[in-house]
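There are 2 protein chains.
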Amino acid sequence: MSSEFELIRQCFSQGYPHSADTLVAVGDDASIVLPPAGHLLVQSLDTQVADVHFPATAPANLIAQRALRCAVSDLAAMGATPQAFLLGLTLPHNQPAWLEDFASGLRACAHDCGIALIGGDTTKGRELVVSVTVQGWVADQPRLLRASAKPGDDIWVSGVIGESALALPQILKRPDWSDGLAQSYYFPKPRLELGQALLDLANSAMDISDGLLQDARHIANASAIAIQLEGESIPTAVALGHPSWMTCLSGGDDYELLFTASPSQRAAITALSAKLDLPLSRIGQCIEGEPDVTLLLDGKPVTPAAGGYQHF
Amino acid sequence: MSSEFELIRQCFSQGYPHSADTLVAVGDDASIVLPPAGHLLVQSLDTQVADVHFPATAPANLIAQRALRCAVSDLAAMGATPQAFLLGLTLPHNQPAWLEDFASGLRACAHDCGIALIGGDTTKGRELVVSVTVQGWVADQPRLLRASAKPGDDIWVSGVIGESALALPQILKRPDWSDGLAQSYYFPKPRLELGQALLDLANSAMDISDGLLQDARHIANASAIAIQLEGESIPTAVALGHPSWMTCLSGGDDYELLFTASPSQRAAITALSAKLDLPLSRIGQCIEGEPDVTLLLDGKPVTPAAGGYQHF
């Protein structure tokens, strides 16, 4: 066998979680999965590029962790239960030690998220590109869509916003820094349990990748509603008034869930927060009006200093 | 809205085939598909990199055609009916005309293959990378696996082998050449009808991407059989004896189907060839023995001058 196939086989065929739904995994022309009866297939593709989405010199296991976690976060935002992923890996080199380190991070993350590796393609290129297609199941019908927020809904966010954005300047200087605030950058936590619980509680949900303020616009536009955010209520990594406060709102890479729910669900959501030991903060409301996001401080609109991340 | 989202929305949300199974397509955190009852989900991820899998300066519509066709070919090899694809596109520039040309090729190919676009991710990078996850359905149970060839099986190939390999040197000089032999390179035909018909006729199948001789080894290894190929029977783009004959066998990029079937199916396969108006050539047999591929000429083993394409 050629070195290409051996390399791939060793790193991407063993040690990943088992999926009972998977009949054929890595190694044939295609994988084959048996969808559980009465369930819908939820899928997302997420691409990360060296020196765009992570430092090229970051440890390979951290690159793998971040790439897979960010992709799985999209399943969380739909309330899906992860099933499997396919990996597209473009490599600028053929370094077995790097690949083994990458695979070790990928395996650890796959076990954390309960997701099997069923296929992929490893190719040569000038720069490192990691493209992950993740999938999972939801029962019955589509829920938590960006388009299903309603006027009158509260808007909520999980966890704390801005840690990754605050860590990023240091990570760019020291790409192997992975504790403290850098944990949020390399090990974002897909809010899978939260998303699944929200299927019965929330109207709309999404994960925050490009910044709270920019991403809230997606819900506003898709649902044709106006969103008012109360700056004082947003759980940020630094306190209101700190010079980096706005960076927390616009920086991105949070992978917390932003969701809307009827005010009648407040008690249930507060109870869920306690059950999951995860802060869930009510940060504003959806109202009728032109699709827009307004940030309020002391009840008055403020103009954000910067938007979220844009690729081009 | 930012330019990033507008750009993507315009090019990747309209004009693609409709999929009745798709409940939520491009635009939310994830797509949602309703699997048809009693069917299995068949999936493959295929990545193509500029100047590795195609010339970086090739017309964008040809790059799109080739990338999607090569991916769909994996579905053909499993006998699957295409349903949808997700597109990971990494771009070294932000040129609307290039992106529109790419999307025009992608749309045309999607209609040819009957496959809907349901999701994806467009990112910036230093070089062009196209990563496509395709999926489709098969009924009942996995078939046509690489591991299910049997000793005594005939081995067959569809179409003509080697056209892409012969065209490649000229394409590298003139990346916009897309007729004649170059058609096979930019517009490989996923043998979908053939693959679906083979579900009831063949034991094993795969598509030829890395070269007939190298790819035949995958079936030999997976099925633990020896494969003997009769050089005189292989339908090549140049005749046996031509200096480029061996290039046809080892060059790759054919995307024809290589399959094995019981000799009792010969008449049915010949009838299928007529029905599909597609040459199906019996080129050898599977026998008991150490997994290996032997090329015979005049009944005697010959040593191929070169193996198939290796990435590293």
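Protein chains in written order, with my numbering: chain B, 1 to 312; chain L, 1001 to 1312.
Glycine is no exception: its CB is placed at the ideal position from the N, C-alpha and C atoms.
Residue i to residue j span [Cα, whole Å]
i, j, result
"residue 1078 of chain L", "residue 1137 of chain L", "9 Å"
"residue 319 of chain B", "residue 177 of chain B", "Past the boundaries of the shown model lies residue 319 of chain B; chain B is included only from 1 to 312, so the question cannot be answered."
"residue 1167 of chain L", "residue 1067 of chain L", "17 Å"
"residue 1114 of chain L", "residue 1209 of chain L", "22 Å"
"residue 1245 of chain L", "residue 133 of chain B", "39 Å"
"residue 190 of chain B", "residue 104 of chain B", "19 Å"
"residue 1151 of chain L", "residue 1131 of chain L", "36 Å"
"residue 163 of chain B", "residue 263 of chain B", "28 Å"
"residue 255 of chain B", "residue 1075 of chain L", "33 Å"
"residue 278 of chain B", "residue 219 of chain B", "23 Å"
"residue 1251 of chain L", "residue 1195 of chain L", "23 Å"
"residue 1093 of chain L", "residue 1053 of chain L", "19 Å"
"residue 1037 of chain L", "residue 1174 of chain L", "48 Å"
"residue 120 of chain B", "residue 11 of chain B", "12 Å"
"residue 6 of chain B", "residue 29 of chain B", "16 Å"
"residue 1295 of chain L", "residue 81 of chain B", "48 Å"
"residue 142 of chain B", "residue 1247 of chain L", "51 Å"
"residue 1214 of chain L", "residue 1257 of chain L", "14 Å"
"residue 1135 of chain L", "residue 1282 of chain L", "29 Å"
"residue 1087 of chain L", "residue 87 of chain B", "13 Å"
Exposed unless 16 or more other CB atoms sit within 10 angstroms - verdict on residue i
i, result
"residue 1140 of chain L", "exposed"
"residue 1125 of chain L", "buried"
"residue 57 of chain B", "exposed"
"residue 1146 of chain L", "buried"
"residue 1065 of chain L", "buried"
"residue 1267 of chain L", "exposed"
"residue 1303 of chain L", "exposed"
"residue 301 of chain B", "exposed"
"residue 179 of chain B", "exposed"
"residue 1217 of chain L", "buried"
"residue 96 of chain B", "exposed"
"residue 1274 of chain L", "exposed"
"residue 243 of chain B", "exposed"
Nonlocal neighbours in the same chain, by C-beta distance under 8 Å from residue i, ignoring five residues either side
i, result
"residue 232 of chain B", "240, 297, 298"
"residue 1116 of chain L", "1016, 1017, 1018, 1019, 1022, 1025, 1083, 1084, 1085, 1110"
"residue 1035 of chain L", "1021, 1041, 1137"
Cβ distance (whole Å) where residue i is taken to contact residue j below 8 Å
i, j, result
"residue 1155 of chain L", "residue 1229 of chain L", "7 Å"
"residue 27 of chain B", "residue 44 of chain B", "Actually they are not in contact, since the Cβ atoms of residue 27 of chain B and residue 44 of chain B sit about 24 Å apart, beyond 8 Å."
"residue 1041 of chain L", "residue 33 of chain B", "4 Å"
"residue 1122 of chain L", "residue 1091 of chain L", "7 Å"
"residue 181 of chain B", "residue 55 of chain B", "Not a contact, Cβ separation roughly 15 Å."
"residue 31 of chain B", "residue 118 of chain B", "4 Å"
"residue 1071 of chain L", "residue 1160 of chain L", "Between residue 1160 of chain L and residue 1071 of chain L the Cβ distance is about 22 Å, and since that is not below 8 Å, they are no contact."
"residue 1165 of chain L", "residue 1253 of chain L", "6 Å"
CB contact flag (residue i, residue j, <8 Å)
i, j, result
"residue 1225 of chain L", "residue 1289 of chain L", "yes"
"residue 73 of chain B", "residue 207 of chain B", "yes"
"residue 69 of chain B", "residue 235 of chain B", "no"
"residue 1222 of chain L", "residue 1259 of chain L", "no"
"residue 158 of chain B", "residue 280 of chain B", "yes"
"residue 1205 of chain L", "residue 1276 of chain L", "no"
"residue 1128 of chain L", "residue 1050 of chain L", "yes"
"residue 1062 of chain L", "residue 1186 of chain L", "yes"
Own chain residues within Cβ distance below 6 Å of residue i, not counting five before or after
i, result
"residue 1060 of chain L", "1098, 1101, 1102"
"residue 1197 of chain L", "1272"
"residue 1287 of chain L", "1151, 1226"
"residue 339 of chain B", "Nothing in the structure corresponds to residue 339 of chain B, since chain B is present only between 1 and 312."
"residue 1112 of chain L", "none"
"residue 1192 of chain L", "1076"
"residue 1265 of chain L", "1201"
"residue 1148 of chain L", "1203, 1204"
Contacting residues, own chain, Cβ-Cβ under 7 Å from residue i (five flanking each side not counted)
i, result
"residue 261 of chain B", "153, 154, 156, 201, 202, 203, 269"
"residue 39 of chain B", "137, 138, 139"
Fill in: Residues, ordered as in the chain, of the stretch 1101-1127 of chain L that lie near chain D by beta-carbon distance below 8 Å
The question asks about chain D, but that chain is absent: this structure's protein chains are B and L.
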